[in-house]
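Here the structure comes first, spelled out in structure tokens, and everything after it is commentary.
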Amino acid sequence: MPIIASTVAEAVAGIRDNSTVMIGGFGNAGQPMELIDALLGGGATGLTVVNNNAGQGDAGLALLIKERRVAKIICSFPRQSDSWHFDAAYRAGEIELELVPQGTLAERIRAAGAGIGGFFTPTGYGTLLSEGKETRVIDGRGHVYETPIHADYALIKAHTADRAGNLIYRKTARNFGPIMATAASITIVQVSNIVATGDLDPEVIVTPCIYVNTIVRVPAPTPTLAEYEVNQ
Amino acid sequence: MPIIASTVAEAVAGIRDNSTVMIGGFGNAGQPMELIDALLGGGATGLTVVNNNAGQGDAGLALLIKERRVAKIICSFPRQSDSWHFDAAYRAGEIELELVPQGTLAERIRAAGAGIGGFFTPTGYGTLLSEGKETRVIDGRGHVYETPIHADYALIKAHTADRAGNLIYRKTARNFGPIMATAASITIVQVSNIVATGDLDPEVIVTPCIYVNTIVRVPAPTPTLAEYEVNQ
Amino acid sequence: MNRLPSTSPEPGARPGPEARLNREDLARLVAADIKSGSYVNLGIGQPTLVSNYLRPEQAVTLHTENGMLGMGPEAHGADIDEDLINAGKVPVTELPGASYFHHADSFAMMRGGHLDVCVLGAFQVSATGDLANWHTGAPDAIPAVGGAMDLATGAKDVYVMMNLFAKDGTAKLVPTCTYPLTGVGCVTRIYTPEAVFLLTEDGIRVRETFGITLAGLQGRVKVELLPPLALRKVARTAN
Amino acid sequence: MNRLPSTSPEPGARPGPEARLNREDLARLVAADIKSGSYVNLGIGQPTLVSNYLRPEQAVTLHTENGMLGMGPEAHGADIDEDLINAGKVPVTELPGASYFHHADSFAMMRGGHLDVCVLGAFQVSATGDLANWHTGAPDAIPAVGGAMDLATGAKDVYVMMNLFAKDGTAKLVPTCTYPLTGVGCVTRIYTPEAVFLLTEDGIRVRETFGITLAGLQGRVKVELLPPLALRKVARTAN
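In structure tokens form, the structure reads like this:
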């Protein structure tokens, strides 16, 4: 059974220096902003962060990078119009970047959760991003060998959890959440709603409770909830 | 948009001799019995069949094997108390068997659908089933190299399709259906119900329509439907 | 193969092949060429314009790599939902028959060759279909790749939409890419304001030109161009 | 570590450690040893009996590899649903909090090390924890493996439930398996009617015996047995 934390600070309190932390989200959708803020508040440093991006504007992951808490980032798209904190840290040589094609990033996370030791993918073959990597031609097509990405913690956002820890998501906010939940030793989830065990239809659960360690409720802004109900 | 066939015979009419055919189901749950019967009626021979088992009793896949339409079977559990047709064909040397651990079977099917060229799994390392296969020690643990299984056709059973081809399943009848749908050039689905496009909640679709080529409605026996409604 | 209805008489129709195409006409041309019933991913930037010209009767289903099939048009006003965005992080809508899935499933769909077409922008395309569109290679550039390599590698057909000529006048269709590659031998067609190129086993074939002759085109492009099939037939007759 | 409440006075309690355990008592012992809140897969056959002795307050969640977490007891009568079966193809029920998933996701859950315990039968277990339970190796046997290798490889703890002695009296805990292996070094505990064995880094430690002395046990088993930790303490005191 998962821990149901009463605050985001409590939810992330166990995160130690030098941990590898996966952070869900693509753009703002599915981004566990309150958990990231709590991680910033908690003071852990020397982190390796796995996220699709490298922070935007002056919030969340960007602030973690600004404060030099992130020693290394594994992501697919660090450079954005508002990624100034990453850009500054990178140019100063104060953050290590491992750039991974987005689908390879997703598959490496999935592989970690699925107990796959490594895999060959055609993505990136013959490009800069496969330099120095093992390659293999399979059925006439070049492939690159890629390895799983495990994490100590995953911070993700879902829409609703039951008290057993089963999760459902909303629309494209699903993105990296389900796979990150499988790849981390401890998965910490912020949700808009917590319902009784048995209130979620077993057919529609996206993340089974086995992958969830800590849940914290962070109510969504009212308009989104209203929209959601209209859409149901 | 998928073809909506009016009969199971029409649905499988395109299946040629020497095709590789995946057949869904685990036990009776999710077994597309009527499509298998139609495949038997259609006369295709020299087939390679991918299924968890190798037929039971005197029905479905067992009859395909009895009639010597199956040149090779790729499965995890051929031997059962009522697998007499497989047993006879195997002892007569009239069917080739590729025995694969069940999870490796599932992962190889998934790899084919996901464009993965090959992967390392710890399952089967140091056993008879990895003899002659490439192995690699990863983080101190032995792994076996496994390759994708592609098929020409997948015959699967789902509960409901919309007219666009999106599918939902029921309970443990889901089993191999969603991954086989991704691994075959042509996926043929028997369903209990066909509904209008838009009638399935986008959040709960298990097989997106992109993986579905042909749908045929085979009404479920009434008791099961009644039970289903009670369970909803 | 679908052809642009260039002789269609409707008012506001694009200029005929005597002029180079503008961005909208190029997008309209790509849209018209997409086979009915296709599953398509439109890259960020110019390719996104293609969606404006897809006709409902084409029944094209759009994929966005952040986990959705059946993506609808951009959302406005009250339809904006921060949980429903496209790969460019723009709010979008949902069409009937849509489905959602996680990132690994989404990229499995791409990598596994299930999308019929993706349309991408490019810095350069080589004579053998190599694509460069993610990185200038400048020493001080911060690289970012996103889903570009996955799209280039995975779709059955990779259509590039780009200007044929860079600002300095040099062609972006090149013997060998000088920018870092996104994918090797992956491009199947190139749509430019001056011409449509088909990358075939025989080489690069010009399908049609706009406002330029084949000879004029060949004069500005440093890769050997094969003539349109119809022209070649004429040439054979003349021999 | 949970211990069997062997001195509990309730009527119908199992015989004390002075007698070898019967199948039900063995199942009760395994059930009592499973940590509260665990995710568990029970193999086909004898391990299935364990589910009869799991107490609700243990909050153990059962996994079945054909795609379900939160499996309930066997279904009977009107509760039978042909779409809801376990890995042994027996109709089962669904508990609150259950979820369904496809085969690749189910075995990813197993292979990825997410299950706390699986309980399996065995032909043999070796001194180093190798497991043989899928194939007799007889030349005319038709092999069938199912999910045995995945379970043996994937769970954090692999408990074997088996008779310690074969019909011919030879021990099934052996220096080296003679039957084909299911998994290498995967077994962490062995539950038998005569004793419970813990496979530790130091070797095979007897946790407790039933109806046999440690010396008697060692006389019939060809692998070196380490004494229970409590006994060892006594021995040290005696030195």
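Just so you know, the protein sequences line up as chains A, B, C and D, in that order.
Sequential numbering of the first sequence, starting at 69, is according to our numbering.
Sequential numbering of the second sequence, starting at 69, is according to our numbering.
Sequential numbering of the third sequence, starting at 6, is according to our numbering.
Sequential numbering of the fourth sequence, starting at 6, is according to our numbering.
Ideal Cβ placement from N, Cα and C applies to all residues, glycine included.
- Bounding residues of the alpha helix (DSSP H) (the contiguous stretch that carries proline 246 (chain A)): Here residue 246 (chain A) corresponds to residue number 178 of the first sequence, with the count starting at 1. Run containing proline 246 (chain A): 245–251, per the alpha helix (DSSP H) assignment.
- Expressed to the nearest angstrom, what Euclidean distance is found between the alpha-carbon atoms of leucine 120 (chain C) and glycine 183 (chain B)? For the purposes of this step, residue 120 (chain C) is taken as the residue at position 115 of the third sequence. For the purposes of this step, residue 183 (chain B) is taken as the residue at position 115 of the second sequence. The straight-line gap from Cα to Cα measures roughly 12 angstroms.
- Task: Within 10 angstroms of the Cβ of histidine 107 (chain C), are there 16 or more other Cβ atoms? Answer buried if so, exposed if not.
- Result: As a working mapping, residue 107 (chain C) is identified with position 102 in the third sequence. Answer is buried; the Cβ neighbour count reaches 16.
- Task: Would you mind working out which of C:Gly151, C:Gly224, C:Glu213 and C:Gln223 sits nearest alanine 235 (chain C), comparing C-alpha positions?
- Result: On the third sequence, residue 235 (chain C) is found 230 positions in, with the first residue counted as 1. Selected option, being the one with the closest Cα: C:Glu213.
- Query: Does aspartate 230 (chain A) have its Cβ less than 8 angstroms from a Cβ in chain C?
  - Reply: Counting from 1 along the first sequence, the entry for residue 230 (chain A) is found at position 162. No, no contact with chain C.
- Message: Would you say arginine 116 (chain C) lies against chain B (beta-carbon separation less than 8 angstroms)?
- Response: Taking the first residue of the third sequence as position 1, residue 116 (chain C) is located at position 111. Taking Cβ atoms only, chain B reaches closer than 8 angstroms to arginine 116 (chain C), which makes this a yes.
- Task: Anything in chain C within Cβ reach of asparagine 234 (chain B), meaning under 8 angstroms, just list it in chain order.
- Result: Counting from 1 along the second sequence, the entry for residue 234 (chain B) is found at position 166. Simply Gly102 and Ser104.
- Query: Does the beta-carbon of threonine 205 (chain D) have 16 or more other beta-carbons within 10 angstroms, so that it is buried, or is it exposed?
  - Reply: For the purposes of this step, residue 205 (chain D) is taken as the residue at position 200 of the fourth sequence. Answer is exposed; the Cβ neighbour count stays below 16.
- Use the C-beta contact count for tyrosine 105 (chain C): other C-beta atoms within 10 angstroms, 16 or more gives buried, fewer gives exposed. As a position in the third sequence, residue 105 (chain C) is number 100, starting the count at 1. Buried is the call here.
- Message: What residue range does the beta strand (DSSP E) around lysine 140 (chain A) cover?
- Response: Walking along the first sequence from the start, residue 140 (chain A) turns up at place 72. Per DSSP, lysine 140 (chain A) belongs to the beta strand (DSSP E) from 138–143.
- Task: Kindly say whether glycine 42 (chain C), judged by its beta-carbon, lies nearer than 8 angstroms to any beta-carbon of chain B.
- Result: By one-based count along the third sequence, residue 42 (chain C) stands at place 37. Closer than 8 angstroms to some Cβ of chain B, the Cβ of glycine 42 (chain C) qualifies, so yes.
- Expected contact under 8 angstroms - CB spacing of valine 150 (chain C) and proline 169 (chain A) to nearest Å: In the third sequence, counting from the first residue as 1, residue 150 (chain C) sits at position 145. In the first sequence, counting from the first residue as 1, residue 169 (chain A) sits at position 101. Sure, about 5 angstroms apart at Cβ, within 8 angstroms.
- At a Cβ threshold of 8 angstroms, is glycine 266 (chain A) touching chain B? Along the first sequence, read from residue 1 onward, the residue named residue 266 (chain A) stands at position 198. Answer no: the Cβ-Cβ gap between glycine 266 (chain A) and chain B never drops below 8 angstroms.
- Query: Counting Cβ pairs closer than 8 angstroms, one from the segment 128–140 of chain D and one from the segment 174–185 of chain D, do we hit at least three?
  - Reply: yes
- Name the DSSP beta bridge partners of lysine 225 (chain B), please? Within the second sequence, the letter at position 157 stands for residue 225 (chain B). In DSSP, lysine 225 (chain B) forms a bridge with B:Gln258.
- Item | Where tyrosine 296 (chain B) sits in the DSSP three-state scheme | On the second sequence, residue 296 (chain B) is found 228 positions in, with the first residue counted as 1. Because tyrosine 296 (chain B) carries a pLDDT of 45, less than 50, the predicted location of this residue cannot be relied on, and the following value inherits that uncertainty. Tyrosine 296 (chain B) falls in the helix class under three-state DSSP.
- Query: In chain A, what lies closer than 8 angstroms to phenylalanine 187 (chain B) by C-beta?
  - Reply: The sequence position of residue 187 (chain B) within the second sequence is 119, counting from 1. In chain order: Ala179, Ile184, Gly185, Gly186, Phe187 and Phe188.
- Query: Checking contacts by CB at 8 angstroms: is valine 272 (chain A) closer than that to chain E?
  - Reply: No chain E is part of this structure, whose protein chains are labelled A, B, C and D.
- Contacting residues, own chain, Cβ-Cβ under 7 angstroms from proline 57 (chain A) (five flanking each side not counted): The displayed coordinates of chain A run from 69 to 300. Any statement about residue 57 (chain A) would go beyond what the structure contains.
- Determine the contact status of glycine 266 (chain B) and glycine 208 (chain C), defining contact as a CB-CB distance below 8 angstroms. For the purposes of this step, residue 266 (chain B) is taken as residue 198 along the second sequence, with counting starting at 1. For the purposes of this step, residue 208 (chain C) is taken as residue 203 along the third sequence, with counting starting at 1. No, the pair does not count as a contact, with Cβ atoms beyond the cut-off.
- Message: Can you tell me where the beta strand (DSSP E) holding histidine 68 (chain C) begins and where it ends?
- Response: On the third sequence, position 63 is the one that residue 68 (chain C) refers to. 66–69 is the extent of the beta strand (DSSP E) around histidine 68 (chain C).
- Query: Of the residues D:Lys227, D:Leu219 and D:Ala200, which one's Cα is nearest the Cα of aspartate 25 (chain D)?
  - Reply: Locating residue 25 (chain D) in the fourth sequence gives position 20, where the first residue counts as 1. Here residue 25 (chain D) is arginine; the residue named in the question, aspartate, does not match the sequence. Ranking D:Lys227, D:Leu219 and D:Ala200 by Cα distance to arginine 25 (chain D) puts D:Ala200 first.
- Message: Can you confirm whether methionine 69 (chain A), when its beta carbon is compared against all beta carbons of chain D, has any partner nearer than 8 angstroms?
- Response: For this step, residue 69 (chain A) is matched to residue 1 along the first sequence. Yes, its Cβ sits closer than 8 angstroms to a Cβ of chain D.
- Item | Residues sharing a beta bridge with aspartate 162 (chain D), DSSP | In the fourth sequence, the residue the question calls residue 162 (chain D) occupies position 157. Aspartate 162 (chain D) pairs with D:Val122.
- Message: Assuming contact is defined by CB atoms lying nearer than 8 angstroms, are isoleucine 163 (chain B) and alanine 139 (chain B) in contact in what I supplied?
- Response: For this step, residue 163 (chain B) is matched to residue 95 along the second sequence. For this step, residue 139 (chain B) is matched to residue 71 along the second sequence. In contact: isoleucine 163 (chain B) and alanine 139 (chain B) (Cβ atoms closer than 8 angstroms).
- Message: Any beta carbon from chain A within less than 8 angstroms of histidine 119 (chain D)'s own beta carbon?
- Response: Start at 1 with the first residue of the fourth sequence, and residue 119 (chain D) comes out as number 114. Taking Cβ atoms only, chain A reaches closer than 8 angstroms to histidine 119 (chain D), which makes this a yes.
- Query: From C:Asp135, C:Phe202, C:Phe215 and C:Met76, pick the residue whose C-alpha is nearest to that of glycine 190 (chain C); which is it?
  - Reply: Taking the first residue of the third sequence as 1, we reach residue 190 (chain C) at position 185. The shortest Cα separation from glycine 190 (chain C) among C:Asp135, C:Phe202, C:Phe215 and C:Met76 belongs to C:Asp135.
- Query: Is the Cβ-Cβ distance between alanine 79 (chain B) and threonine 228 (chain B) less than 8 angstroms?
  - Reply: As a working mapping, residue 79 (chain B) is identified with position 11 in the second sequence. As a working mapping, residue 228 (chain B) is identified with position 160 in the second sequence. Not in contact: alanine 79 (chain B) and threonine 228 (chain B) (Cβ atoms no closer than 8 angstroms).
- Query: Which bits of chain D does glycine 171 (chain B) rub up against, with CB to CB less than 7 angstroms?
  - Reply: For the purposes of this step, residue 171 (chain B) is taken as the residue at position 103 of the second sequence. Chain D residues near glycine 171 (chain B): Phe112, Met115, Arg116, Gly152 and Asp155.
- Message: Am I right that cysteine 123 (chain C) and glycine 48 (chain C) are in contact with their C-beta atoms under 8 angstroms? What's the rounded C-beta distance?
- Response: Here residue 123 (chain C) is taken as the residue at index 118 of the third sequence, counted from 1. Here residue 48 (chain C) is taken as the residue at index 43 of the third sequence, counted from 1. Confirmed, about 7 angstroms.
- Closer than 9 angstroms, Cβ to Cβ, to anything on chain A: give me those residues from the segment 64–78 of chain D, in chain order. Ala64, Thr66, His68, Met73, Leu74 and Gly75
- Item | Among C:Ala160, C:Val165 and C:Phe215, the one whose alpha carbon lies nearest that of leucine 67 (chain C) | As a working mapping, residue 67 (chain C) is identified with position 62 in the third sequence. If we check each option's Cα against that of leucine 67 (chain C), C:Ala160 comes out closest.
- Can you tell which of D:Lys40, D:Gly142, D:Asn168 and D:Glu99 has its C-alpha closest to the C-alpha of proline 52 (chain D)? Translated into positions along the fourth sequence, residue 52 (chain D) becomes position 47. The shortest C-alpha separation from proline 52 (chain D) is found at D:Asn168.
- Item | Contact check, glutamate 166 (chain B) vs isoleucine 142 (chain B), beta carbons under 8 angstroms | Counted from its first residue, the second sequence places residue 166 (chain B) at position 98. Counted from its first residue, the second sequence places residue 142 (chain B) at position 74. Result yes, Cβ atoms of glutamate 166 (chain B) and isoleucine 142 (chain B) sit closer than 8 angstroms.
- Continuous alpha helix (DSSP H) stretch holding glutamine 63 (chain C): start and end: Locating residue 63 (chain C) in the third sequence gives position 58, where the first residue counts as 1. Segment: none, glutamine 63 (chain C) is in no alpha helix (DSSP H) and carries neither H nor E.
- Under the three-state reduction of DSSP, which class applies to glutamine 223 (chain D): helix, strand or coil? For this step, residue 223 (chain D) is matched to residue 218 along the fourth sequence. The answer is helix: DSSP assigns glutamine 223 (chain D) an H, G or I state.
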